[in-house]
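Quick note, in our numbering, the sequence shown goes up one by one and the last residue is 764. Below is one structure, written out as C-alpha cells; the observations come after it.
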Amino acid sequence: MGTCLTLNSFEFAEGTNMKYKNLLLVSLGTLLIASPALRADTGYTDEEPAVAQDVANHLSELEAQASKVGRHAESLWMISRSHHTARDSHAYYMNNLMRDINSMGQLLAELEQMKPQATESQKMAIDNARLHLVTLADKTTEARDLLRAGGENVKQTQYKETVAELSRQADIFHQELAR
Numbered sequence: 586m587g588t589c590l591t592l593n594s595f596e597f598a599e600g601t602n603m604k605y606k607n608l609l610l611v612s613l614g615t616l617l618i619a620s621p622a623l624r625a626d627t628g629y630t631d632e633e634p635a636v637a638q639d640v641a642n643h644l645s646e647l648e649a650q651a652s653k654v655g656r657h658a659e660s661l662w663m664i665s666r667s668h669h670t671a672r673d674s675h676a677y678y679m680n681n682l683m684r685d686i687n688s689m690g691q692l693l694a695e696l697e698q699m700k701p702q703a704t705e706s707q708k709m710a711i712d713n714a715r716l717h718l719v720t721l722a723d724k725t726t727e728a729r730d731l732l733r734a735g736g737e738n739v740k741q742t743q744y745k746e747t748v749a750e751l752s753r754q755a756d757i758f759h760q761e762l763a764r
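Quick look at the structure:
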C-alpha cells in the first residue's frame with residue numbers, strides 16, 4: 586500500500602481513502618470560515634458577556650458583604666445573651682450592621698440597574714437577594730428601635746429574640762448568596 590498521511594491524529598492511506606481526507610479538509614475549512622458568521626448570529630454583543638461578568642462580580646461582592654453582616658449579627662446576638670454587656674457595645678455592633686446593610690442596599694441598587702443584561706440565573710439571584718435584604722433590614726430596624734427605646738431593653742426578651750432572628754436572617758441571606 587502507499588504512504589500514510591497524519592492529519593490531526595487521523596491516518597489516511599494515499600489513494601484508497603483520499604476522498605475522506607478531502608471531505609475532512611473541506612469540512613474543517615468550512616467550519617473555520619463559518620464560525621465568525623455563527624458567532625454573529627447568536628444575537629450577543631461583545632458587551633453583554635462583559636456586563637454578565639460585571640453582574641457576577643457585584644454578586645460576589647454582595648456575598649462577601651453578607652458574610653460580614655453575618656459576623657456582625659452573630660456578635661450582636663452573642664452579646665445580647667449576656668446581661669453584663671453595656672448598651673454602648675450593642676450600639677456599636679448595631680451601627681456596624683446598619684452601615685453594612687446600607688452598603689449592601691447600594692450594591693443591590695446597582696445590580697438591579699444591570700439586571701436587564703444579566704443572565705437568567707443572575708436575575709433570579711438579584712430577586713432573591715432583594716427579598717432577603719428587605720427582611721434583614723426590617724429585623725435590623727426593629728432591633729435598632731428597641732435599642733433606642735432604652736438601655737434596659739437590651740436585657741428584655743423581645744430585644745434578644747429580635748436580635749436572634751436578625752442573626753438567623755443574616756445567615757440565611759449569606760447562604761442563599763453562596764449557592
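Here a beta-carbon is modelled for each residue, glycine too, at the ideal position from N, C-alpha and C. A quick note: this is a predicted structure, and the numbers were derived from the prediction, not measured.
> So, using beta-carbon positions, are Met-683 and Arg-733 closer together than 8 Å?
Replying inline: no
>> Taking the alpha carbon of Ala-658 as the reference point, which residue from Asn-738, Lys-724, Arg-764, Gly-736 has its own alpha carbon closest?
In response: Cα-wise, what sits closest to Ala-658 is Lys-724.
>> Taking the straight line between their C-alpha atoms, what separation do you get for Ser-665 and Arg-753?
In response: 14 Å
> Ordered along the chain, which non-local residues of its own chain (more than five positions away) have a Cβ less than 7 Å from that of Ile-700?
Replying inline: According to the sequence provided, residue 700 is Lys. The question's Ile does not apply to it. Closer than 7 Å at the Cβ level, and outside the excluded window around Lys-700, lie Lys-708, Ile-711.
> Excluding the five sequence neighbours on either side, which residues of its own chain have a C-beta within less than 8 Å of the C-beta of Leu-693, listed in chain order?
Replying inline: Leu-647, Ile-711, Ala-714, Arg-715, Leu-718
> Hey, is His-675's beta-carbon within less than 8 Å of any beta-carbon in chain B?
Replying inline: Chain labels in this structure do not include chain B; a single protein chain is all it has.
>> Using the Cβ count rule (16 or more neighbours within 10 Å means buried), how would you classify Asp-685?
In response: buried
>> Between the alpha carbons of Ala-749 and Val-739, how many angstroms are there, rounded?
In response: 12 Å
> Rounded C-beta distance between Gln-702 and Val-636? I'm assuming under 8 Å.
Replying inline: 4 Å
> Buried or exposed: Leu-610, going by 16 or more other Cβ atoms within 10 Å of its Cβ?
Replying inline: Its pLDDT being 42, under 50, Leu-610 is placed unreliably in this model, and the value from its coordinates should be taken loosely. Exposed, because fewer than 16 other Cβ atoms sit within 10 Å of the Cβ of Leu-610.
>> Here's a check: name, in chain order, each residue in its chain whose Cβ is nearer than 6 Å to the Cβ of Glu-727, leaving out the five neighbours to either side.
In response: Contacts found: Thr-747.
>> Given a cut-off of 8 Å on the beta-carbon distance, is the pair Leu-661 and Met-679 in contact?
In response: The answer is yes: Cβ separation under 8 Å.
>> Suppose you measure from the CA of Asn-687 to the CA of Ala-722; what does that come to, to the nearest Å?
In response: For Asn-687 and Ala-722, the gap between their C-alpha atoms comes out near 9 Å.
> What residue from Val-640, Val-654, Ala-641, His-643 has the CA that sits closest to His-759's CA?
Replying inline: Of the listed residues, the one whose Cα sits closest to His-759 is Val-654.
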